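Structure record follows, encoded as structure tokens.
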Amino acid sequence: MSQKISIPRGTNDILPDEIFRWQNLEDKARTLMRLYGYEEIRTPIFEDTGLFKRSLGPASDVVTKQLLELKSRTEDTVPDGESYSLRPEGTAPIVRAYIEHHLDKKEGLSKLYYFGPMFRGERPQRGRLRQFHQVGVELIGLHSFQPFLDAEAMALSIRLLEGFGVEGFRLKINSLGSHEDKKNLSSILRERLKKDVRNLCPECQARFERNVFRILDCKNKECRAVVARLELGDAHLSPPSKEYFQKVRAALDLWGVAHTVSPHLVRGLDYYTHTVFEISHAGLGSQDALGAGGRYNDLVAQLGGPKDIGGMGFALGIERILLAVGGGETRDEGRVTKLDAFIVSLDKEEETKAYTAAFELLNELRRKEIAADMNHTRGSMKSQMRAADKSGARYVIIIGEDELKEDIVTLKNMASGEQRKVPQSKLAAEFNKVSSVKS
Ligand code: HAM
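Here this note's numbering is used: the first residue of the sequence shown is 3, the next is one more, and so on.
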């Protein structure tokens, strides 16, 4: 027997039994995005590796440890000296597309949303995958009322989670300030951590010089004890940055968005400036972030775009949302497309007259936009009715010897059990009243 090939570690198949949960979530997200004035954008799932190095930061964990780089056998696909990587996140590719297509020349703000798979070579565990999916938004453009837009983005992330049925999450926010303020924050952190460097894990000892912010998120027990003792506030912020952050909080209050300020929240990607936020859920264990985001005022210029274009956005992890919501509806309750009709055909042994008539009718029904299917086994009435029941169809159309003779079908309403004879020519009209496809 040939050896079985298994799915790569840290990835999932999404089977028909659970796809409805994804489709329902996507439908809700699309409805809310429209309500908030966002339009969808789709970018490739791989990009020039340099894009991620420049935006997420050459010393970030995502770039140093998690980028999944593509290898090719032919120079044609990945020319010598070039490198492509699967996207670990959506912000940098969208900013690249924004610059490439001169979206800044369009009037006003670009309000973009996206769904899609992201890839990070992390150690898989509950809620942490190598291929995971995000739904996110990016708000990019020249704008003077940025604090209000920060609040709008955070409010939308909460609204989405509520729409998906998640309960018991918490919004934490902080401000990193401008580029200069971030440098101040690094200095403050190094100064405060100096005496404790020896007590940090080897990785954080290296981070002390290279990427001091990351020490704040280390999961190591000793590092956490050191970090817990750190009293951080807003001393790194310049007066205008402090004022900006106050305006963000006031705008959140205006919309009644509950939040807590968490000075330890710094985020793992380099592009953030000013507002950063994270939404956590205690039920998720160590991978407790349902989503996160923040402002990135320098990124467009940094990637070769026009100056003075700011950005703000967030991404929610779909697998984590589904974990937080739990089992929920069953497949049948949640089914996105229900069949209108399922055809059962009953032939005498060795005959295929009813089966052929059913096959012909199937085509006719589908052409008239009636969602239909049929049974392709020569089962008994009982086993075919079982299959019809399993399909979730609202009506069963039965074609047997008698029906063929009279040019009729027997139509059974699966909810009420009511059964009646309908001339073949009138069948489509019956469904026009009830078709789910048309409504
Ligand atoms: P992030 O915090 O790296 O931010 O990811 C956002 C969310 O994606 C996380 O909160 C989590 O729910 C989910 N996620 C991340 N990594 C994994 C993983 N390995 N397995 C499962 N889920 C995961 C970003 O990606 C930024 N691009 C967000 C953003 C948009 N900032 C501004 N605009």
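For every residue, glycine included, the Cβ atom is placed at its ideal position computed from N, Cα and C.
Small disclaimer: the values here were computed from a predicted structure and weren't measured.
- Using a Cβ-Cβ distance cut-off of 8 Å, the region 131 to 151 and the region 8 to 24 are in contact, since at least three pairs of beta carbons, one from each stretch, lie closer than that value.
- Listed as beta-bridge partners of Val278 by DSSP are Asn176 and Gly296.
- Short note on Phe316: C-beta closer than 7 Å to some heavy atom of the ligand HAM.
- In this structure Arg128 is exposed. Its beta-carbon is surrounded by fewer than 16 other beta-carbon atoms within 10 angstroms.
- In the DSSP assignment, Lys223 falls within the alpha helix (DSSP H) that extends over Lys223 to Arg231.
- For Arg130, the shortest C-beta to heavy atom distance toward the ligand HAM is below 7 Å.
- Distance between His378 and Glu432, taken at the CA atoms: about 24 Å.
- Membership of Lys423 in the beta strand (DSSP E) is indicated by the continuous run Gln421 to Pro425.
- In this chain, the beta strand (DSSP E) harbouring Leu88 covers Tyr86 to Leu88.
- For Pro95, same chain residues with a beta-carbon under 6 Å away, outside a window of 5 residues either side, are Thr45, Glu49 and Arg89 in chain order.
- Between the C-alpha atoms of Ala389 and Ala430 there is a straight-line separation of about 22 Å.
- Between the ligand HAM and the CB of Ala208, the shortest heavy atom gap is not smaller than 7 Å.
- The C-beta distance from Leu292 to His266 rounds to 18 Å, too long to fall under 8 Å, and the pair is not in contact.
- Under the Cβ criterion (8 Å, minimum of three pairs), the region 177 to 191 does not count as touching the region 319 to 331.
- Taking 8 Å as the cut-off, the beta carbon of Gln421 is found no closer than this to the beta carbon of Lys428.
- In this structure, the beta-carbon distance from Tyr100 to Ser87 does not fall below 8 Å.
- In the same chain as Glu403, and ignoring 5 residues on each side of it, no C-beta atom comes closer than 6 Å to its own.
- By the Cβ-count criterion, Met314 is buried, with 16 or more other Cβ atoms from all chains shown falling within 10 Å of its own Cβ.
- For Asn415, the beta-bridge partners assigned by DSSP are Tyr397.
- When rounded, the separation of the alpha-carbon atoms in Thr412 and Leu367 is 15 Å.
- Nearest Cα to His181 within the set Asn222, Tyr273, Gln386 and Leu318: Tyr273.
- If the five residues before and after Ala359 are omitted, its C-beta is found closer than 8 Å to the C-beta atoms of Ser347, Ile401 and Leu406, all from its own chain and listed in chain order.
- Taking all protein chains in view, the Cβ of Gly306 is surrounded by fewer than 16 other Cβ atoms within 10 Å, so the residue is classified as exposed.
- For Met314, no alpha helix (DSSP H) run applies; the uninterrupted beta strand (DSSP E) run containing it begins and ends at Gly312 to Gly319, by DSSP.
- The region 195 to 205 and the region 225 to 233 touch, with no fewer than 3 CB-CB distances between them shorter than 8 Å.
- The region 155 to 162 and the region 101 to 108 do not touch, with fewer than three beta-carbon pairs separated by less than 8 Å.
- Within the same chain, Cβ atoms closer than 8 Å to the Cβ of Leu34 are found at Leu158, Arg161, Leu162 and Gly165, the five residues on either side in sequence being excluded.
- Linking Asp219 to Gln289 through their CA atoms gives a straight-line distance of about 12 Å.
- The residues Lys174, in chain order, have a CB closer than 6 Å to that of Thr262 in the same chain once the five nearest residues on each side in sequence are set aside.
- Not one heavy atom of the ligand HAM is found less than 7 Å from the C-beta of Ala326.
- In terms of CA proximity to Arg122, Phe54 leads the group Ser418, Phe54 and Phe361.
- The region 67 to 140 contains, as complete beta strand (DSSP E) runs of 3+ residues, the segments 86 to 88 and 112 to 121 (chain order).
- Counting along the chain, Asp152 sits inside the alpha helix (DSSP H) bounded by residues Gln148 to Gly165.
- Under the three-state reduction of DSSP output, Gly143 falls in the strand class.
- For Arg130, same chain residues with a beta-carbon under 6 Å away, outside a window of 5 residues either side, are Glu124 and Gln289 in chain order.
- In the three-state DSSP reduction, Asp290 falls in the coil class, being neither helix nor strand.
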